[in-house]
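Residues in the sequence shown are numbered consecutively from 7, following this note's numbering. Cβ coordinates follow ideal geometry from the N, Cα and C atoms, glycine included. Below is one structure, written out as structure tokens; the observations come after it.
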Amino acid sequence: MKEVLEAAGTQPTDSVVQPTMERLTVNERLLLKFYRELQPQDQDVLRHAIQVLAVSMKPE
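Quick look at the structure:
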């Protein structure tokens, strides 16, 4: 029989604060819906294009 190590059973004592959720606008919902309907390779292209735009728009 294999020897099994038990998981540590301690949880952090400090409570974790979650950020409040912001409501999405109608346009944001439409963009998400459009993105989710894309094929994975098209999602990759779109993600890359957005990253390039974000980098090019950074203030210097």
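query, result
"By the DSSP assignment, the alpha helix (DSSP H) with K64 in it spans what residues?", "Looking at the DSSP string, K64 is not in any alpha helix (DSSP H), and its letter there is neither H nor E."
"Pick out whichever of P65, K64, M63 and L37 has its Cα sitting closest to the Cα of L52.", "L37"
"I think Q49 touches Y41, with their Cβ atoms under 8 Å apart; what is that distance to the nearest whole Å?", "6 Å"
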